[in-house]
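When you read off a place in the sequence shown, starting at 1, and then add 500, the result is the number in our numbering.
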Amino acid sequence: MAAQIAPEAIFRLDGKTAIVTGAGSGIGRATATLFAEVGARVLFADIDATAVREAALATGSEWAVCDIADEAQVAALYRQAATSFAGRLDVLANVAAYRRKADTMTMPASEWDVMQGVTTRGTFLMMRHAIQMMREQADGGTIVNVSSVSAVRPTIFNNMHYDAAKAGVDAMTRAAAIEFAPHGIRVNSVQPGGTASGGAARVTADLPPRGPMVQPGRMPLRGLSQPIEQARAILFLASPASAYITGQHLAVDGGFLVS
Numbered sequence: 501m502a503a504q505i506a507p508e509a510i511f512r513l514d515g516k517t518a519i520v521t522g523a524g525s526g527i528g529r530a531t532a533t534l535f536a537e538v539g540a541r542v543l544f545a546d547i548d549a550t551a552v553r554e555a556a557l558a559t560g561s562e563w564a565v566c567d568i569a570d571e572a573q574v575a576a577l578y579r580q581a582a583t584s585f586a587g588r589l590d591v592l593a594n595v596a597a598y599r600r601k602a603d604t605m606t607m608p609a610s611e612w613d614v615m616q617g618v619t620t621r622g623t624f625l626m627m628r629h630a631i632q633m634m635r636e637q638a639d640g641g642t643i644v645n646v647s648s649v650s651a652v653r654p655t656i657f658n659n660m661h662y663d664a665a666k667a668g669v670d671a672m673t674r675a676a677a678i679e680f681a682p683h684g685i686r687v688n689s690v691q692p693g694g695t696a697s698g699g700a701a702r703v704t705a706d707l708p709p710r711g712p713m714v715q716p717g718r719m720p721l722r723g724l725s726q727p728i729e730q731a732r733a734i735l736f737l738a739s740p741a742s743a744y745i746t747g748q749h750l751a752v753d754g755g756f757l758v759s
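Laid out in structure tokens, this is it:
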């Protein structure tokens with residue numbers, strides 16, 4: 501029988517501990533800030549030291565500089581978390597990613613390697629360390645990966661390397677969900693559609709967007725989402741409200757995938 505949860509607590513994270521990557525800006529910052537607002541102790545992590553420090557201090561939270569593609573830095577991040585959280589980790593929100601459009605026919609192979617290194621390798625490293633902590637806990641834990649609708653359907657041109665990397669994130673999400681369910685660990689992903697953020701602006705600065713997502717009527721609700729709208733979906737999957745959900749991909753795209 502499922503544990504009874506008071507209605508006012510169903511989206512709360514009181515007493516929970518969480519790591520959020522990419523927490524210096526955009527969806528990551530919105531997520532980490534929201535987690536702190538609903539009661540979690542949050543470790544903000546980002547490769548940008550200035551941005552992550554500012555974001556964390558705004559909520560009175562801890563912060564760490566971490567390149568998630570670097571295994572040594574990821575290990576150091578988890579050592580900090582283990583010390584700060586007395587060895588317990590309840591939630592990992594994997595938001596950090598590399599995003600850069602590049603002409604498919606002319607980009608160097610090294611651009612592919614960087615994309616895969618951060619988005620798939622980095623997500624894998626973060627998940628593996630989180631699972632190591634969570635499976636030692638009687639009540640497991642929750643991982644929310646940030647994928648993209650690009651993992652499901654092409655969105656804009658010159659994005660093939662990004663699409664492939666995000667599809668890899670979803671594949672790892674499903675694999676981890678079934679493998680570690682016996683330990684009480686839930687693993688899901690959020691698939692954002694177009695989101696208004698500084699990262700998105702930088703992506704389109706050199707190569708103006710072309711493709712299905714920018715065609716009229718392809719986002720039926722309205723235009724771009726805001727980072728907080730993605731953060732709320734991440735909170736849902738991290739909270740008791742989704743206690744019987746695992747291995748799923750939640751598209752938060754204003755209706756793009758069904759348009």
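Even glycine gets a Cβ: it sits at the ideal position worked out from N, Cα and C.
According to the DSSP assignment, Ala564 belongs to the beta strand (DSSP E) that extends over 562–565. Distance from the CA atom of Gly668 to the CA atom of Ala651, rounded to whole angstroms, is 8 angstroms.
A contact is defined here as three or more CB-CB pairs under 8 angstroms, and the segment 595–608 meets this definition with respect to the segment 518–533.
Here Pro692 carries a strand assignment [DSSP, helix/strand/coil]. For the pair of segments examined, the segment 542–554 was found not to touch the segment 743–753: the number of CB pairs separated by less than 8 angstroms stays below three. Taken in chain order, the whole beta strand (DSSP E) runs of length 3 or more contained in the segment 583–633 are 591–594.
About 7 angstroms separates the Cβ atoms of Gly641 and Val591, confirming a contact at the 8 angstroms cut-off. Across the structure, Gln616 and His661 are spaced so that their CA atoms are roughly 8 angstroms apart. Beta-bridge pairing by DSSP links Arg541 to Thr517.
Residue pairing by DSSP places Asp546 opposite Val565 in a beta bridge.
Secondary structure at Ala751: strand, using DSSP grouped into helix, strand and coil. For Ile643, the enclosing beta strand (DSSP E) has its first and last residue at 641–646. The DSSP-derived three-state label of Arg635 is coil. By the Cβ rule, the segment 673–683 counts as touching the segment 614–634, because three or more pairs are nearer than 8 angstroms. Per DSSP, Asp570 lies in no alpha helix (DSSP H) and is assigned neither H nor E. If you draw a straight line from the Cα of Pro692 to the Cα of Phe624, it comes to about 19 angstroms.
When secondary structure is reduced to three states using DSSP, Arg722 falls in the coil class, being assigned neither helix nor strand.
Across the set Met627, Arg653, Ser648, Trp563, the C-alpha of Trp563 shows the shortest separation from the C-alpha of Ala545. Secondary structure note for Gly668: its alpha helix (DSSP H) is the uninterrupted segment 660–680. Here DSSP, grouped into helix, strand and coil, assigns Val687 to strand. The residue among Arg732, Ala733, Gln748, Val614 with its C-alpha nearest the C-alpha of Asp670 is Gln748. Look at Tyr744 here: in three-state DSSP terms it is coil, with no helix or strand label.
Within the same chain, Cβ atoms closer than 6 angstroms to the Cβ of Gly539 are found at Arg512, Leu513, Asp514, the five residues on either side in sequence being excluded.
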